[in-house]
Amino acid sequence: MNDLTHPDAAPFQPKTSFTRREFVVSSLAVGFALAVQPDANAEVVVTSTDGLTAGEIKIPVAGGDMPGYRAMPEGAGPFPTVLVVQEIFGVHEHIRDVCRRFAKAGYFAVAPELYARQGDVSKLASTDEIVKNVVSKVPDAQVMADLDSAVAWAKSSGKANTDKLGITGFCWGGRITWLYAAHNPRLKAAAAWYGRLVGEAKPPINPRHPIDVAGELKAPVLGLYGGADNGIPLDTVDKMRAALKEAGKASELVVYPDMPHGFHADYRPSYRKAAADDGWKRLLAWFKANGVA
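Residue numbering for the sequence shown is 1 to 293, as defined by the UniProt record's numbering.
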């Protein structure tokens, strides 16, 4: 048995195979998703690749090769490893920049394009289209397996120390971050940015949500939430906090008063620099304190 097929991970293992013809995305889109093009006033953060090895990669997964993005410091390594899980808008420029920020901090960061089998969200003009045509068709089990494959690919590169493994994700990826923390027993720490915590079970696509796996977490999770997030009511944060306490899990939920959803997304009007910077500092300290450094 290898590390990525541990029996503790069984509830999230895919029950079907995915054929090569099901891959509809073979490379990453340039720039930002059509649905969220930055306006002229956006405070877009651009992290230089100076001193880094960064670019698009291919990750072997069930049925073929999945595109993704990898950034790491130049040098021999191996470096502590971070999985970066996309927003609803896929692995566009903002997520790639987050990978570069991790690389500047000394990490091997990898962001797989987790919608590659279901559709190209970069060309869809609205969030509603993205949800209806792509996201609603992406099974959690598939995502867990693809993230495992990204870890295996990173380890095989010889540059990533996957014994020091962390994960972070934003919006859609925030929910996935919680689920992965219940899935992979080798994970050391996680940081979920405004990921939905409760919801209706919709098997086989979304059979469970973070609150349902609170007692199964294999690693401590830092949850970063906005007090004015209309999509994630504060009572759901309170319910998750209570579930974690009841389960005896050493995780932490931080709520930024008056902050909207997407406060870390510097290319969108929702960006709030002070909260984004504070959350990033907390994330790095969380990873360091829990063995991802």
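Backbone N, C-alpha and C define an ideal beta-carbon position, used for all residues, glycine too.
- The region 25-102 is shown to contain no whole alpha helix (DSSP H) run of 4 or more residues.
- The region 87-103 and the region 43-52 touch, with no fewer than 3 CB-CB distances between them shorter than 8 Å.
- With the rule of 3 Cβ pairs closer than 8 Å, the region 105-112 does not count as touching the region 120-140.
- Under the DSSP definition of a beta bridge, Y256 partners with G226.
- Shown here, A192 sits in a strand according to DSSP, grouped into three states.
- Between the alpha carbons of E22 and R117 lies a gap of roughly 5 Å.
- Taking a contact as a CB-CB distance under 8 Å, the pair A191 and L224 counts as one, their CB atoms being some 7 Å apart.
- P185 and A125 have their C-alpha atoms roughly 38 Å apart.
- A straight-line Cα-Cα distance of about 20 Å links G199 and E129.
- Between Y69 and V36, the C-beta spacing is not below 7 Å.
- Apart from the 5 residues on each side of it in sequence, G227 sits with its Cβ closer than 8 Å to the Cβ of L234, V255, Y256, P257, D258 and M259 in its chain, given in chain order.
- Secondary structure note for L114: it is in no alpha helix (DSSP H), with a DSSP letter that is neither H nor E.
- The beta-carbon distance between Y194 and D140, rounded to whole angstroms, is 18 Å. This is too long to meet the 8 Å contact definition.
- Taking 7 Å as the cut-off, the Cβ atoms of K132 and G77 do not count as close.
- In this structure, DSSP gives D266 a state outside helix and strand, which the three-state scheme calls coil.
- N41 counts as exposed, since fewer than 16 other C-beta atoms from the protein chains shown sit within 10 angstroms of its C-beta.
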